[in-house]
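Protein chains: 2
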Amino acid sequence: MDERFHTLAELAVHGANVQPGQVVALGPTVGQEELARAIAEAAYKRGARFVDVAYFDPYVKRARIAYANEDTLDFVPPWYANRLVTLGERGDARIGFAGIVAPDVLNGLDPARLGRDMLPWLKEASKVIDDRSTNWTIVPCPHPAWAKLVYPGLDPDAAYEKLWQELWHVLRLDEPDPGAAWEQRMATLKTSAKNLTDCHFDRLEFKGPGTELAVGLLPTGRWLAADFETRNGLWHMPNIPTEEVFTTPDPTRTEGYVTSTKPLVLKDGAIVRGLKVRFEGGRAVEVEAEENGVAMQSKVAYDDGSARLGEVALVDRHGRIGPLGTVFYDTLLDENAASHIALGNGFPFAVEAEDAERVNVSGIHIDFMIGSPEMVVTGVTASGERIPVLVGGDWQI
Amino acid sequence: MDERFHTLAELAVHGANVQPGQVVALGPTVGQEELARAIAEAAYKRGARFVDVAYFDPYVKRARIAYANEDTLDFVPPWYANRLVTLGERGDARIGFAGIVAPDVLNGLDPARLGRDMLPWLKEASKVIDDRSTNWTIVPCPHPAWAKLVYPGLDPDAAYEKLWQELWHVLRLDEPDPGAAWEQRMATLKTSAKNLTDCHFDRLEFKGPGTELAVGLLPTGRWLAADFETRNGLWHMPNIPTEEVFTTPDPTRTEGYVTSTKPLVLKDGAIVRGLKVRFEGGRAVEVEAEENGVAMQSKVAYDDGSARLGEVALVDRHGRIGPLGTVFYDTLLDENAASHIALGNGFPFAVEAEDAERVNVSGIHIDFMIGSPEMVVTGVTASGERIPVLVGGDWQI
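Residue numbers (our numbering), protein chains in the order written: chain A, 259 to 655; chain B, 259 to 655.
Below is the structure:
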C-alpha cells in the first residue's frame, strides 16, 4: 500500500477523535479500499472496538436506476437506518469518504428516476448530526479516476500524483505536525466566526456576477467553524480540510437569485454545472442548470424543507483550497474554496433553544458554491446599518 | 464486464428463485464486484425491490486480528444481526458468494485470536436457515487469485481461464438449458435421498484410509438433496453446484476417528489441511491438523454444539466435481466432490417434530470432506442388519 494512505488515515482518526472502545463506521465507495484499510488499522491501533466498513457500490446503484420497478425507487432497507441510529445511540465514531471513484457511472440514466434514490445518503443522518451524538469526520480519498477528472490534460500517473500533492497541501500533511497546523487554522476560523456572531446581522447580502441574494439570519444564530463537540464534550473536526465559517439561516427569508461559481456533485455522482436558483420567501422557486438540472430539481422537490436554505457559509481567500484554482468536483473540497449556501437541513446547534424550531428541516443537505473574487458580502443589521463583510475575499470585520 | 458473469448471475437468481418485490441480500467479498453487479442487474430485471450488497473486506479483518484489543474480538455490531433477522422476518432472498479472493490475507496472524472472530459468519444465520424464512443460494465467483491457488502450475491468465472452464462445467452452464440440466440432476439426487430415507438406518459406518467412524442417525431423519422450499413453499437451490444428499445425525452418537480427504477453508480464509478428529459419545474430543489445527480447535470450542455433528452427507462418483480431481480450496465445491460431515448446527427440517429437539444446535457449521474412492459406507439398521451404501463411489442401494 502507498504509505501516504497511512499518513492520511492518521489524520482521519485524529479528526474523528476515535476513542478506545468505540465502533468506527466507515463509508467508503468501492475503489477506496486502500484508505479504508489504512483507517481500520489506525483506528484499531487507537483502541477501536470494531471498524465497520460499509462499502457503497455505485455500479449496483446504476443497475437499480436502470432496471428496478418505478414504485420501488424510494425504498431503503430498514437496517440501513438501524445501523446509523444505533451508532448514534451508542455514541460511536463515523468517518466518511469524499472523492470520486467512478465519475461516469450514472451517466445516461433517467434523471427523474435518479433523483428518487438518495443513497448512500440516509435521511436519518441529519438527526444524528443534529443530536451531536457521534464524533465524526469526512476526508478525501485520492483515486486515479478522480485525478483524471480534475486534471484532464495530464497523463494518468501525473494526474494522480498531482491530486495527491494538492490534497497533501490542503490537508496540511506537508506541515511537520498536521494536527497542530489544523489547531492553528481552526483558531483563526473560530475568531472570524466569533466576530460575525458579535455583529448580530439580520441578513447577509451577496452581490456578484449572476448573483443578487439576501439571506435572512435568525436572531440567536451563531457562526461556527468546523470544529465541533459531541453532546458528551468530545472534540472532532467534521470536515478535513475545512476553511469555512457557517451558520444556519432563517429558512423563510431568502430572496433574489444566485448563480453557482463551481460545479456541484450530487451524492449520487451527477455533476450539476451552471446552477441558477431564484428564491422567493425563502423557497427556491426556479431551479435550472446547464447540466443535470432535472436531477437537481428532483432533489429540491424531495421534501418540505428541501427548497429552503439550511446553511450559509463564508470562505476567505486565505484558505489553502481557493488559491489552487482547482475544481475538484467534490463538495468537501470545493465548498471550502468559496462561500456557499446549502439547500435542506439546517443546524439546530447553531442557534439558541428559542430559535431551534425555526431551523430548516429536510432529509437532504446540498451545498453549492456561490463565492468568487468578484463577490461582495455585506451584513445588514436589524436597524438597517450596512457593514461590509467580505470584499475581494478579505474579511472586512 | 466479462459476459460470463452475466450468465452466472442468471443462474444465481434462478437458484435463489428471486421474486418480484423481494429485497435480495448479497454477500460478496471485496474483489467479487463483477459478479455482484451482474447479479444486481439480473435481480432488478426479475423485479427485486432492492439489492443490498454487503461487501466483506478480509484486509479490514486482518487489521482487527492484528491490532484490536483482546477483549473486543468477539464483538459483532448489533446491526449485523438486525439485517439478517429482518431479512428473515420479511421473507427476502439471499445470495452468498463462494470462492477465494485473497488466499494469504490472514497468514501469520495469531490463530487463537483469529478463531475468536467468526465474521463474516453470523450466529443468527443458523436460525434463519432453520426457519426456512428466506430463499437463498450460494454460487462460486471466479477470481484470478483463486485460480492461482487452484492451478499453481499455470500462468495467471491460463489459470483464470481454466477456473472459468471448470466452474462452467460443474455449474452446468455448458448445457443448452442450465436450469433444466439442474432440474434433471436434482431428480436423481432426490431419488437417492428417498432410497436412503426408506432404509431407516440406525447408523452409518465409514471405513477408509485414516477413517473408522460410526455416525448415529435420528429415528425420523430424512435424507435430502439441496433442493429446498421455504416455509412459504418457495423452491430454491441453496448451493450451486450441488451433488450431495445429506441428513442431520444424532449429535450424541458419533464414535471413532476420521481423517479429512481434502483441505478445508474456514470462513475467515484459514486453510486447514490434514485434519484428524476423534469422537467419543458424539463429541470431537481430539482435533489436530497438519496446518491451522489451532484455528480449527478454536472453532470446535466455539459453543456447546460446535464439537458435535450437525450434518452427514454422501456424494457419489457421478457428480461433475469429483471427476475433475481438482482441489478448489472452497467448501461449496470441494464438499460436493466427496462425502462429508459437518461440525455444528444441524437441520431441524430434516427430522419430524418429535426429533427436532435432538438436532444439534450451534453458532457454527463447518463441513469437512471425508470421502474418497477407497471409502466404504455401510448402513446399519436398528436390528443390526448391515447394508452396503456406497462402494467405490457407486450407490449400492
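Even for Gly, the Cβ is constructed at its ideal location relative to N, Cα and C.
### Task
Report yes if the CB atom of Ser564(A) is closer than 8 angstroms to the CB atom of Leu601(A), and no otherwise.
To locate residue 564(A), count along the first sequence from 1; it is residue 306. To locate residue 601(A), count along the first sequence from 1; it is residue 343. Yes.
### Message
Buried or exposed, going by whether 16 or more other CB atoms sit within 10 Å of the CB of Asn603(A)?
### Response
Looking up residue 603(A) in the first sequence gives position 345. By the 10 Å Cβ count, Asn603(A) comes out buried.
### Query
Quick one: is Val311(A) buried, meaning 16 or more other Cβ sit within 10 Å of its Cβ, or exposed?
Within the first sequence, the letter at position 53 stands for residue 311(A). Counting Cβ neighbours within 10 Å, Val311(A) comes out buried, since at least 16 surround it.
### Query
How about Arg374(B): is its C-beta nearer than 8 angstroms to some C-beta of chain A?
The count along the second sequence starts at 1 and reaches residue 374(B) at position 116. So no, Arg374(B) is outside the interface.
### Task
Check whether the Cβ of Asn340(B) lies closer than 8 angstroms to any Cβ atom in chain A.
Sequence index remark: in the second sequence, residue 340(B) carries index 82 (1-based). Output row for Asn340(B): interface = yes.
### Message
Among Ser384(B), Ser620(B), Gly349(B), Glu548(B), whose alpha-carbon lies nearest the alpha-carbon of Gly491(B)?
### Response
Stepping through the second sequence from its first residue, residue 491(B) is reached at position 233. Taking only the C-alpha atoms, the option nearest Gly491(B) is Gly349(B).
### Task
Could you tell me which of Tyr325(B), Lys385(B), Ala596(B) sits nearest to Thr500(B), measuring between CA atoms?
If you number the second sequence from 1, residue 500(B) lands on position 242. The shortest Cα separation from Thr500(B) among Tyr325(B), Lys385(B), Ala596(B) belongs to Ala596(B).
### Message
I'd like to check one pair, Ala300(B) with Val271(B): are the Cβ atoms closer than 8 angstroms?
### Response
Here residue 271(B) refers to the residue found at position 13 of the second sequence. Here residue 300(B) refers to the residue found at position 42 of the second sequence. In this structure, Ala300(B) lies closer than 8 angstroms to Val271(B) by Cβ.
### Query
At a CB-CB cut-off below 8 angstroms, which residues of chain A make contact with Glu299(B)?
Position 41 of the second sequence, counted from the start, is the residue given in the question as residue 299(B). Correct list: Ala321, Ala324, Tyr325.
### Query
Near Arg511(A), which residues of its chain fall below 6 angstroms by C-beta distance, leaving aside the five closest residues on each side in sequence?
Within the first sequence, residue 511(A) is the residue found at index 253, counting from 1. Same-chain partners within the cutoff: Gly474, Gly540.
### Query
If you run the structure through DSSP and keep just helix, strand and coil, what is Pro369(A)?
To locate residue 369(A), count along the first sequence from 1; it is residue 111. Collapsing the DSSP output to three states places Pro369(A) in a helix.
### Query
Is Glu593(B) helix, strand or coil by DSSP?
Taking the second sequence and counting its residues from 1, one reaches residue 593(B) at position 335. Here Glu593(B) sits in coil by DSSP.
### Task
Determine the DSSP secondary structure at Phe308(A), reduced to helix, strand or coil.
In the first sequence, counting from the first residue as 1, residue 308(A) sits at position 50. It is a strand residue.
### Task
Within the region 557-605 of chain A, note down every full beta strand (DSSP E) run reaching 3 residues or more, in order along the chain.
567-573, 598-602
### Query
Touching or not, the region 366-377 of chain B and the region 389-396 of chain B, by the rule of three or more beta carbon pairs under 8 angstroms?
no
### Task
Kindly list, in the order they appear in chain A, the residues whose Cβ is closer than 9 angstroms to that of Arg295(B).
Along the second sequence, one-based indexing puts residue 295(B) at 37. Within 9 angstroms Cβ-Cβ: Asp315, Tyr317, Val318, Arg320, Ala321.
### Task
Note down, in chain order, every chain B residue with its Cβ under 9 angstroms from the Cβ of Lys452(A).
Taking the first sequence and counting its residues from 1, the one referred to as residue 452(A) is at position 194. Near Lys452(A) there are no residues of chain B at all, since even the closest Cβ is about 39 angstroms away, more than 9 angstroms.
### Query
Is the CB-CB distance between Gly527(A) and Ser518(A) below 8 angstroms?
Within the first sequence, residue 527(A) is the residue found at index 269, counting from 1. Within the first sequence, residue 518(A) is the residue found at index 260, counting from 1. No, the Cβ-Cβ distance between Gly527(A) and Ser518(A) is not below 8 angstroms.
### Query
Bridge partners of Ala356(A), per DSSP?
If you number the first sequence from 1, residue 356(A) lands on position 98. DSSP output for Ala356(A) lists Pro398(A) as bridge partner(s).
### Message
Using the three-state DSSP reduction, which class does Met627(B) fall into: helix, strand or coil?
### Response
Counting from 1 along the second sequence, the entry for residue 627(B) is found at position 369. Strand.
### Query
If you measure from the beta carbon of Gly305(B) to each beta carbon in chain A, is any gap under 8 angstroms?
Translated into positions along the second sequence, residue 305(B) becomes position 47. Yes, because at least one Cβ of chain A sits closer than 8 angstroms to the Cβ of Gly305(B).
### Glu291(B): contacting residues in chain A (beta-carbon distance under 8 angstroms)
For the purposes of this step, residue 291(B) is identified with residue 33 of the second sequence, where counting begins at 1. Going along chain A in sequence order, the residues near Glu291(B) (Cβ under 8 angstroms) are Val288, Asp315, Tyr317.
### Message
Does chain C have any CB closer than 8 angstroms to the CB of Asp389(B)?
### Response
Given the protein chain composition of this structure (A and B), no chain C is represented.
#### Entry: Beta-carbon separation (whole angstroms), Val649(B) vs Val634(B), contact threshold 8 angstroms
Taking the first residue of the second sequence as 1, we reach residue 649(B) at position 391. Taking the first residue of the second sequence as 1, we reach residue 634(B) at position 376. About 5 angstroms; that satisfies the 8 angstroms criterion.
#### Entry: Cβ neighbours of Ala417(B) in the same chain (closer than 6 angstroms, five flanking residues each side left out)
Translated into the one-based positions of the second sequence, residue 417(B) becomes position 159. Excluding positions up to five away in sequence, the list reads Ala405, Lys406, Tyr409.
### Task
Can you give me the start and stop residues for the beta strand (DSSP E) that Asp508(B) sits inside?
Here residue 508(B) refers to the residue found at position 250 of the second sequence. Residues 507-517.
### Message
At the 8 angstroms Cβ level, is Pro336(A) part of the contact set with chain B, yes or no?
### Response
Indexing the first sequence from 1 puts residue 336(A) at position 78. Taking Cβ atoms only, chain B reaches closer than 8 angstroms to Pro336(A), which makes this a yes.
### Message
Using CA atoms only, rank isn't needed, just tell me which of Cys399(B), Ala542(B), Ala640(B) is closest to Thr265(B).
### Response
The residue given as residue 265(B) occupies position 7 in the second sequence. Comparing Cα-Cα distances from Thr265(B) to each of Cys399(B), Ala542(B), Ala640(B), the minimum goes to Cys399(B).
### Query
Are there 16 or more other CB atoms within 10 angstroms of the CB of Ala274(B), so buried, or fewer, so exposed?
Within the second sequence, numbered from 1, the residue matching residue 274(B) stands at position 16. It counts as buried.
### Query
Straight-line CA distance for Val397(B) to Leu591(B)?
In the second sequence, counting from the first residue as 1, residue 397(B) sits at position 139. In the second sequence, counting from the first residue as 1, residue 591(B) sits at position 333. Those two C-alpha atoms are separated by around 9 angstroms.
### Task
Measure from the C-beta of Asp310(A) to each C-beta in chain B and report whether the shortest distance is under 8 angstroms.
For the purposes of this step, residue 310(A) is taken as residue 52 along the first sequence, with counting starting at 1. With 8 angstroms as the cut-off, Asp310(A) counts as an interface residue toward chain B.
### Glu463(B): first and last residue of the uninterrupted beta strand (DSSP E) it sits in
Taking the second sequence and counting its residues from 1, one reaches residue 463(B) at position 205. Start and end: 461-466.
### Query
What is the DSSP secondary structure of Phe333(A), counted as helix, strand or coil?
Mapped onto the first sequence, residue 333(A) falls at position 75. The answer is coil: DSSP assigns Phe333(A) none of H, G, I, E or B.
### Query
In chain B, what lies closer than 7 angstroms to Phe586(A) by C-beta?
Counted from its first residue, the first sequence places residue 586(A) at position 328. The premise fails here: Phe586(A) is roughly 25 angstroms from chain B at the closest Cβ pair, so nothing lies under 7 angstroms.
#### Entry: Buried versus exposed call for Gln654(A) [16 or more other C-beta atoms within 10 Å across all chains shown]
Indexing the first sequence from 1 puts residue 654(A) at position 396. Exposed, because fewer than 16 other Cβ atoms sit within 10 Å of the Cβ of Gln654(A).
### Query
Where does His264(B) sit, in a helix, a strand or coil, going by DSSP?
Here residue 264(B) is taken as the residue at index 6 of the second sequence, counted from 1. Helix, per DSSP.
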